[in-house]
Amino acid sequence: MKKIGLIGGTGPESTLMYYRELNRRIDALTGQKQMPEIVIESVDFRKMWRMVEERRYEELSGYLAQKAENLKNAGAEVISMTAATTHIVYDEVCRKSGVPLVSIPKAVTDEAVAQGIKKVGLLGTIFTMEQAYMKTDLINAGIEVFVPDEEDRKLVAMRILTELELGTVRESTLLEFQNIIKKMQQEHGIEAVILGCTELPLLLNPDNCPVLCLDSVEIHLNDLIRRVTLPLL
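In this note's numbering, each residue's number is its place in the sequence shown (first place is 1) plus 3.
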């Protein structure tokens, strides 16, 4: 089984989820015969987020590339970031580190194509919703991507940063998000919504989402597990 390397801390809650689920699922998949070796290189979330907010992308890509190199030097063979927002510098991180990271946007696009989806909504941090990095692969695959209006985008981004990143889940926030998704369905005819932030599954899931829920964490986990265990199966 290949050794996994995770760039974690972006934020801590999603890193915990990745670590727990990779162990639990691979253990079950191998009939409790094997569990993965996982190396985590954790970033300073506050430091990283300031780089994102101030659009210091060259500095950010260098910071994350060093983390990827550290993981490679620690023997990791399948390496990934554990946040969608950091994919804003995905290409630069891969180039600087020489490490082909497993991409969240690419995994999500492959799943949307496999399900025959033509119109999707996208929720995430303000950067994920407003910039191209989470949309480009989808658009190139012929899928239309819609985001909430400006007021709703600000609300979604604020709830992620001040609640979900800290592990806080509120029923009132769930209702707000459900209404935003319903609005996109009514206005744009979306068939599914992408949970484009790795903390969003703390709040939304297939049971409470008004449309088909494309959980980027779930999809990404499945891709990582396939890459790690493929020689064994």
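Even for Gly, the Cβ is constructed at its ideal location relative to N, Cα and C.
On a predicted model such as this, the values are computed, not experimentally measured, just so you know.
Do you know how far the Cα of residue j is from the Cα of residue i?
i, j, result
"Arg-98", "Pro-213", "39 Å"
"Glu-147", "Leu-169", "32 Å"
"Glu-72", "Val-102", "7 Å"
"Thr-232", "Leu-177", "35 Å"
"Ile-41", "Gln-189", "43 Å"
"Gln-69", "Gly-192", "42 Å"
"Leu-215", "Val-46", "32 Å"
"Met-84", "His-90", "8 Å"
"Arg-59", "Phe-180", "30 Å"
"Gly-34", "Arg-27", "11 Å"
"Tyr-66", "Glu-56", "15 Å"
"Arg-23", "Ala-110", "20 Å"
"Ser-17", "Ala-87", "11 Å"
"Gln-37", "Asp-30", "6 Å"
"Glu-61", "Arg-49", "17 Å"
"Phe-130", "Ser-219", "16 Å"
"Leu-207", "Thr-165", "16 Å"
"Tyr-21", "Leu-74", "16 Å"
"Gly-119", "Arg-229", "21 Å"
"Thr-139", "Val-123", "13 Å"
"Leu-32", "Glu-153", "43 Å"
"Pro-39", "Met-4", "7 Å"
Residues in the same chain with beta-carbon distance under 8 Å from residue i, minus the five sequence neighbours each way, listed in chain order, please.
i, result
"Met-132", "Leu-125, Leu-126, Val-150, Pro-151, Arg-156, Val-159, Ala-160, Gly-199"
"Glu-114", "Leu-217, Ile-222"
"Lys-121", "Gly-145, Ile-146, Glu-147, Glu-194"
"Asn-211", "Leu-177, Gln-181"
"Tyr-93", "Met-84, Leu-104, Ser-106, Pro-108, Tyr-136"
"Met-54", "Tyr-60, Glu-62, Leu-63, Tyr-66"
Buried or exposed: which applies to residue i, given that a residue is buried once 16 or more other Cβ atoms fall within 10 Å of its Cβ?
i, result
"Met-137", "buried"
"Leu-236", "Legend: pLDDT at Leu-236 = 49, less than 50; position of this residue unreliable, no value from coordinates given."
"Gly-14", "buried"
"Val-81", "buried"
"Pro-209", "exposed"
"Ser-100", "buried"
"Ala-117", "exposed"
"Arg-162", "buried"
"Asn-128", "Note that residue 128 is Thr in the sequence shown, not Asn. When all chains shown are included, Thr-128 counts as buried."
"Ser-175", "exposed"
CB-CB under 6 Å to residue i, same chain, minus the five flanking residues each way: which ones, in chain order?
i, result
"Leu-141", "Thr-112, Val-148"
"Ile-1", "Outside the shown range of the chain (4 to 236) lies residue 1, about which nothing can therefore be said."
"Ala-77", "Val-42"
"Glu-95", "Ser-64"
Between residue i and residue j, how many whole angstroms is the CB-CB distance? I'm expecting something under 8 Å.
i, j, result
"Glu-194", "Leu-167", "Contact flag wrong, Cβ pair sits at about 24 Å."
"Leu-25", "Leu-205", "With a Cβ gap of about 17 Å, Leu-25 and Leu-205 do not count as contacting."
"Ile-184", "Val-172", "Not quite, the Cβ-Cβ distance comes to about 17 Å (not below 8 Å), so this is no contact."
"Val-105", "Leu-227", "6 Å"
"Lys-6", "Ala-79", "5 Å"
Output needed for residue i: all residues of its chain with C-beta closer than 7 Å, excluding positions within five of it in sequence on either side, in chain order.
i, result
"Ala-135", "none"
Quick one: is residue i near chain C, going by C-beta distance under 8 Å?
i, result
"Leu-203", "Protein chains in the displayed structure number just one, and chain C is not present."
Which runs of the beta strand (DSSP E) spanning at least 3 residues fall entirely within the region 80 to 105, listed in chain order? 81 to 84
Can you give, in chain order, each stretch of the beta strand (DSSP E) that sits fully within the region 97 to 170 and has at least 3 residues? 122 to 126, 147 to 149
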